[in-house]
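Residues in the sequence shown are numbered from 2 upward in steps of one, following the numbering used here. No residue lacks a Cβ here, since even glycine has one placed at the ideal position from N, Cα and C.
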Amino acid sequence: MKDKKVLFLVQGAAIAAIYVVLTMVFAPFSFGEIQIRVSEALTVLPYFTPAAIPGLFIGCLIGNTLGGAIPVDIVFGSLATLIAAVCTYLLRSHRYLAPVPPIVANALIVPFVLRYGYGVPLPIPFMMLTVGIGEVASCGVMGMIVLLALERYRGVIFKQAAV
């Protein structure tokens with residue numbers, strides 16, 4: 002039992018750290034009305050382990066904070082990632098649906114943060130489109146590449162870490 006809790010904690014922390022590093026390394030593309038956040042490719046990881054749920058949430062929270070986001074973006078952007086991670090975990094029996102929750106959650110939530118938090122004057126539906134396109138690139142394309150690559154090593158990399 003204790004080993005599973007430690008494994009859960011280590012997996013979550015590793016995912017959070019990788020998310021932060023990817024967000025910061027690719028910071029010029031990670032923020033704004035038109036963004037392709039490379040770290041969002043990791044949002045498929047709840048397909049493999051529930052430890053990814055807090056890992057992605059905390060990683061996004063830290064990445065947004067270090068990236069200079071305003072408090073409303075830190076909170077709601079991170080909540081969008083949390084909602085997406087939970088939904089991805091719930092869809093874990095449907096491999097090809099894993100990227101859908103982060104695409105939808107971010108396309109619906111982030112444009113409101115951009116408009117009301119940052120005062121971006123673009124129409125919300127347009128920003129839903131631009132954020133959605135960025136999410137399709139990062140989650141749908143890069144995320145599926147990550148998922149399919151890691152699936153071959155599922156039992157080795159992602160031992161079950163349930164609390």
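Straight-line gap, residue i to residue j (C-alpha atoms, nearest Å)
| i | j | result |
| --- | --- | --- |
| Gly-144 | Pro-122 | 30 angstroms |
| Asp-74 | Arg-155 | 33 angstroms |
| His-95 | Ile-35 | 29 angstroms |
| Val-164 | Val-7 | In this prediction, Val-164 has a pLDDT of 49, which is less than 50 and means its spatial position is unreliable; nothing more can be read from the coordinates. |
| Cys-61 | Gly-78 | 8 angstroms |
| Arg-153 | Thr-66 | 34 angstroms |
| Val-21 | Val-11 | 15 angstroms |
| Val-137 | Asp-4 | 36 angstroms |
| Pro-100 | Thr-44 | 7 angstroms |
| Leu-98 | Pro-126 | 23 angstroms |
| Arg-93 | Ile-71 | 32 angstroms |
| Val-105 | Leu-130 | 11 angstroms |
| Ala-17 | Leu-149 | 20 angstroms |
| Ser-40 | Tyr-90 | 18 angstroms |
| Pro-124 | Gly-141 | 24 angstroms |
| Leu-151 | Gly-135 | 22 angstroms |
As assigned by DSSP and simplified to three states, the class of residue i
| i | result |
| --- | --- |
| Val-164 | Low local confidence applies: a pLDDT of 49 at Val-164 is under 50, so the model's placement there is unreliable, with the coordinate-based value given in what follows. Coil, per DSSP. |
| Arg-155 | helix |
For residue j and residue i, believed in contact at Cβ under 8 angstroms, the rounded distance
| i | j | result |
| --- | --- | --- |
| Ala-28 | Gly-68 | 6 angstroms |
| Leu-57 | Thr-82 | 5 angstroms |
| Ala-85 | Pro-103 | 4 angstroms |
| Pro-55 | Gly-13 | 5 angstroms |
| Asn-107 | Val-147 | Actually they are not in contact, since the Cβ atoms of Asn-107 and Val-147 sit about 17 angstroms apart, beyond 8 angstroms. |
| Ser-139 | Ile-19 | Not really, about 14 angstroms apart at Cβ, beyond 8 angstroms. |
Minimum Cβ-Cβ distance from residue i to chain B less than 9 angstroms
| i | result |
| --- | --- |
| Ala-15 | Considering every chain present, this structure includes no chain B. It has just one protein chain. |
For the region 56-142, which segments carrying the alpha helix (DSSP H) assignment without a break, of at least 4 residues, lie completely within its bounds, in sequence order? 72-91, 101-119, 125-136
Alpha helix (DSSP H) runs contained entirely in the region 4-58, provided each spans 4 or more residues: 28-31
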